[in-house]
Each structure stands twice: as C-alpha cells, then as structure tokens.
Amino acid sequence: MNFSGHNLALLVSLNTMLDERNVTHAAEKLHISQPALSAQLARLRELFGDPLLIPAQSGRGMVLTPLAAHLRDPLHRALQTLEDVVRQRPRFDPTVAHRTFSICANDNAAAIIAPRLAQLTRDAGLGGIRYAFRVLNPSILANQLESGEVDLALTSRDAVPGASQELLLEESFRMAQRKKHPRGVEPLSLSDYVKLEHILVSGHGGGFRGFIDDLLAEFGLVRKIGVSVQFYSLVPIILKNSDLVCTLPVRFLDHYKDTLDTFQLPFDANRYSLYATWHARFDQDGGHVWLREQLQSCVNI
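If you number the sequence shown the way full-length UniProt numbering does, the last residue is 301 and the count never jumps.
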C-alpha cells in the first residue's frame, strides 16, 4: 500500500475510530459530521484493503479486524510522536549554548549596546556566547536578515519594511561644539543655529541633507553643511579640531563631556529612536528571544 499523497487527517480519523469503535462517537470527537467520517472510513478500507471496523453483532459499536487491532497501538504512538515534534520547540539555554549572534549597527548604536552586552554576558559567565558587530548597509540589510546571515540590526523605525521591531530607547538631540568655541556658551537661538557650519552624519554615506534640514525648511531656513561623514566616531575628532558644530543624540554626546559643550536645540526636533530589527521568521526562536531580552537589559542599565 502506498499512502503517499493521502491526507494525514485520514490516519487521525482512523486512530480515533479505533479508540472509540463507534463512528458516531468518533465523529463527535473529531468535530466532523457522521457522513463525512463514514466517507473517510470507506477511503481507509480501500487504502488498506481491509474492512478495519465491522458492526458488532449486538448492534452497538464496531469491532476491529485483526489488521485494525495490529495497527491500533503503533498508529497511536506514531501520531503521538508527530504531535510531540510539532509542539516541542528547541530550548535555548545560554549557560550551555555555543552561538555567535551577528548584529548590524552603525557605530553610535554599537557604542551604546556593545559594551553593555559584552559585560552582561561576561558577568553571567556565558562562555559559549559570542557577538559579531558588523557595519550596517541599508541596501542589503533586508536580504541579510531574511537569509539569517545577520541575526538582528539596530536601526531606526521602519528601516526594513515588514520586519519585526522592538523599541530599545528614545532620547533627545543636542547641538555640540568644541570647548572654547568662538560662539561662546550662550543659549542657542534659531538664527545662531543656521549661521553655523554643520557636520552631518549620513547613514548611507555622502548625504548633505537630513531630517533637521527638513524641519528647518518648514521655517524657510537652510543651514550650511560643510562636512558629511558616515561614521559617528569621526564627529568628535572633527569638532575638537574645528569650529564646526553637529547635532547628535544625547547619549552619544555624554561620552565627550570633557571636550565638547552641548546646547538645547532652538526648535522641536524628532527624538532619536533605536530599534532592534529582525526577520519575522525568528520571532519565536529561543536564542533570538534571549538576545532581544539582553538588548533591553542593556538600555536599562
């Protein structure tokens, strides 16, 4: 007999009928009509070349043929094994696991997350867990996440259409300038802001317009951007050695209090938001869930 291509539901129905030995009761248990189950029994008889169940002489219920009696226990075990396979999920135990998590991020996000993540893992004694931080390339990120080449990315909201996301942090922006800047340390006016020469961090590289410029355009204003960089880490070096200024997230600027002065912006700006972004197929992966929990712990330290 070749069962290939036949519905697994037939075997489930057979298993129930062998237990109940009554088509009506079995149909109720399977939540299908009695005629539908009778049709399945006819199909099973054809496939096995055996009546399988025969009406009892008493008129109540049915009796099993020798083949049906032989099938009963092995079929029950096989279906139970299949159910266990479907229900069980691999358990992730970071104390014994050996896994490398690949994370794409720009250098600002990596600077926020990587030190804390490494320390959390070290403090927990998780010697089998490693992290590979990689440069974020927006043009190929969706494919990297889908293929599993990259486990997770630290991005802005909706950076990858259709991807799963979880907010990690939100914070404000401030303008930064070097200590002893000729502008002085007076509160910043909108007029002051647009007269200064700015550095822009361009995620794609080479850009000379950002969301701040869109906000200024609403006031009919334009600022001068003298330098565009792709990496946050270059900005403090340029600021320290020039009269340029830059608008950056507060948490990043906190690392440079000794060399930079910072000022509240003279206009309302969108807050800096950092999201964990991943492909939806990893939503329930035990290791991935654990990684996302660690990232939340990092931003709450």
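For each residue, glycine too, the CB sits at the ideal point set by N, CA and C.
| Item | Value |
| --- | --- |
| Suppose the cutoff is 8 angstroms on Cβ atoms and the five residues either side in sequence are ignored; what does the same chain contact list for Gly207 look like? | Leu200, Ser228 |
| Hey, would you say Pro249 sits closer than 8 angstroms to Glu171, going by beta carbons? | yes |
| Within the same chain, show all residues whose beta-carbon is closer than 6 angstroms to that of Leu79, passing over the 5 residues directly before and after it, in chain order. | Asn15 |
| Would you decide whether Ile237 is buried or exposed? Buried here means 16 or more other CB atoms lie within 10 Å of its CB. | exposed |
| List the endpoints of the continuous alpha helix (DSSP H) containing Gly286. | 286-299 |
| Can you name, in chain order, every residue of its own chain whose Cβ lies under 8 angstroms from the Cβ of Gly203, other than the five neighbours on each side? | Asn106, Leu136, Pro138, Gln230 |
| With a Cβ-Cβ cutoff of 8 angstroms, do Leu145 and His279 count as a contact? | yes |
| Check Leu64 in the structure and name its three-state DSSP category. | strand |
| What residues are listed by DSSP as bridge partners for Thr247? | Met175 |
| Check whether the Cβ atoms of Leu253 and Thr262 lie closer than 8 angstroms to each other. | yes |
| Which value, in whole angstroms, describes the spacing of the CA atoms of Leu120 and Phe219? | 45 angstroms |
| DSSP beta-bridge partners for Glu170? | Ser273 |
| The beta strand (DSSP E) with Pro55 in it runs from where to where? | 53-55 |
| Express the C-alpha separation of Arg99 and Val185 in angstroms, rounding to a whole number. | 49 angstroms |
| So Lys240 packs on Arg174, CB below 8 angstroms; how close in whole Å? | Not quite, the Cβ-Cβ distance comes to about 16 angstroms (not below 8 angstroms), so this is no contact. |
| Using a Cβ-Cβ distance cut-off of 8 angstroms, determine whether Ala97 contacts chain B. | You won't find chain B in this structure, because it holds only one protein chain. |
| Which complete alpha helix (DSSP H) runs does the region 199-235 hold, if anything under 4 residues is left out? | 211-218 |
| On the three-pair Cβ rule with 8 angstroms, is the region 19-26 touching the region 44-64? | yes |
| Which stretch, first to last residue, makes up the beta strand (DSSP E) that contains Val135? | 129-135 |
| Rounding to the nearest angstrom, what Cα-Cα distance links Ala293 and Ala69 in this structure? | Position check: residue 293 holds Glu in this sequence, whereas Ala was assumed. So the alpha carbons of these two residues sit roughly 51 angstroms apart. |
| Is it the case that the Cβ atoms of Leu64 and Arg72 are separated by a distance below 8 angstroms? | yes |
| In this structure, does DSSP put Arg281 in helix, strand or coil? | helix |
| Where does Asn143 land, buried or exposed, given buried means 16+ other C-beta within 10 angstroms? | exposed |
| For Gly226 and Ile112, what's the separation of their Cα atoms in angstroms? | 27 angstroms |
| Which residue marks the beginning of the beta strand (DSSP E) containing Thr262, and which one marks its end? | 260-264 |
| Going by DSSP, what residue range makes up the alpha helix (DSSP H) through Thr95? | Where Thr95 is concerned, there is no enclosing alpha helix (DSSP H), given that its DSSP letter is neither H nor E. |
| I need the boundaries of the alpha helix (DSSP H) containing Leu188, first residue and last residue. | Segment: none, Leu188 is in no alpha helix (DSSP H) and carries neither H nor E. |
| Which of the three DSSP states, helix, strand or coil, is assigned to Ile140? | coil |
| Find out if the Cβ-Cβ distance for the pair Val150, Arg134 is shorter than 8 angstroms. | yes |
| Count the other CB atoms, across all protein chains shown, that sit within 10 Å of the CB of Ser13; report buried if there are 16 or more and exposed otherwise. | buried |
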